[in-house]
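Residue numbers (our numbering): 20 to 261.
Ideal placement from N, C-alpha and C gives every residue a C-beta, glycine not left out.
Nothing here was measured: the structure is a model prediction, and the numbers come from that model.
This report refers to the structure that appears directly beneath it.
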């Protein structure tokens with residue numbers, strides 16, 4: 020009930036007013052049955068804008084930090100994400116990755132739409148980064164199609180660090196479903212998982228027109244932050260020696 024009220028009465032109309040989304044290829048999203056919608060991830064707003072325009076409910080795997088924040092703000096955030104049906108996942112890797120895949124498979128086995136960002140985290144600079152193979156594992160194990168999706172303009176509307184989005188028009192573009200039945204039974208083979216993931220990322224890239232970087236987004240973000248800290252230390256030191 021909360022999901023329906025949020026989508027059609029509270030948040031949905033507001034998002035349409037702020038972003039005036041241009042929708043392309045919505046016919047590629049199946050009207051029934053399980054499927055994965057795999058998209059690029061440029062902004063916190065992505066979690067809400069795309070599900071608001073898809074007629075069916077989309078369940079996302081959301082990072083666990085959204086459910087564990089401290090204080091009143093943390094509790095409200097957790098209640099909000101649970102209310103819209105999002106599933107918390109631990110992104111620390113190893114067994115946590117397998118738990119996330121199991122959660123995604125449970126959604127698909129109920130015949131629902133699962134939303135996922137193969138990059139694993141938001142792009143810090145608007146470029147498209149290398150996909151992680153969890154999406155491939157779920158697609159192969161569940162035997163479901165993957166609908167590539169590109170968010171265009173949300174980075175400019177609400178880049179990382181900006182609390183409130185700017186009012187600007189965005190585009191949401193869906194591509195033809197990709198099917199991977201030829202990889203049936205190969206969900207444990209690394210080469211198969213990488214091949215499927217790369218095919219999905221190429222489809223997203225074709226839709227979005229982003230620059231592609233063959234590095235994981237989390238690693239690139241950490242490197243950029245380290246360089247910024249190092250630059251800050253040099254600047255601070257220069258200020259004292261001058």
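Any idea if residue i is buried or exposed, counting beta-carbon neighbours within 10 angstroms, 16 or more meaning buried?
i, result
"residue 233", "exposed"
"residue 21", "exposed"
"residue 92", "exposed"
"residue 184", "buried"
"residue 151", "buried"
"residue 200", "exposed"
"residue 28", "exposed"
"residue 143", "buried"
"residue 32", "exposed"
"residue 239", "buried"
"residue 241", "exposed"
"residue 222", "buried"
Is the Cβ-Cβ distance between residue i and residue j less than 8 Å?
i, j, result
"residue 169", "residue 226", "yes"
"residue 195", "residue 62", "no"
"residue 78", "residue 105", "yes"
"residue 48", "residue 73", "yes"
"residue 135", "residue 80", "yes"
"residue 55", "residue 154", "yes"
"residue 130", "residue 53", "yes"
"residue 85", "residue 107", "yes"
"residue 126", "residue 25", "no"
"residue 118", "residue 109", "yes"
"residue 57", "residue 219", "yes"
For residue i, does the three-state DSSP call read helix, strand or coil?
i, result
"residue 120", "helix"
"residue 203", "coil"
"residue 135", "strand"
"residue 43", "strand"
"residue 33", "helix"
"residue 215", "helix"
"residue 234", "strand"
"residue 109", "coil"
"residue 246", "helix"
"residue 49", "coil"
"residue 90", "helix"
"residue 100", "helix"
"residue 210", "helix"
"residue 180", "coil"
"residue 153", "helix"
"residue 63", "coil"
"residue 58", "strand"
"residue 165", "strand"
"residue 186", "coil"
Under 7 Å Cβ to Cβ from residue i, same chain only, skipping five residues before and after it: list those, please.
i, result
"residue 67", "30, 34"
"residue 213", "152"
"residue 64", "173, 176, 177, 184"
"residue 236", "138, 139, 140, 142, 148"
"residue 45", "193"
Could you name the residues of the same chain whose beta carbon sits closer than 6 Å to that of residue i, not counting the 5 residues immediately before and after it, in chain order?
i, result
"residue 88", "96"
"residue 147", "59, 224, 229, 231"
"residue 41", "190"
"residue 259", "Because residue 259 carries a pLDDT of 47, less than 50, the predicted location of this residue cannot be relied on, and the following value inherits that uncertainty. Nothing meets the Cβ criterion."
"residue 75", "132"
"residue 186", "37"
Hey, would you say the C-beta of residue i is under 7 Å away from at least one heavy atom of the ligand COA?
i, result
"residue 196", "Ligands in the displayed structure: none, and consequently the ligand COA is not present."
For residue i, which residues of its own chain have a beta-carbon under 8 Å away from its beta-carbon, when the five flanking residues on both sides are left out?
i, result
"residue 203", "159, 162"
"residue 100", "81, 85, 86, 107"
"residue 181", "none"
"residue 171", "189, 190, 191, 192, 227, 228"
"residue 156", "120, 206, 212"
Less than 8 Å between the CB atoms is what I'm expecting for residue i and residue j, so what's the real figure, rounded?
i, j, result
"residue 43", "residue 174", "That pair is no contact at about 18 Å."
"residue 197", "residue 165", "5 Å"
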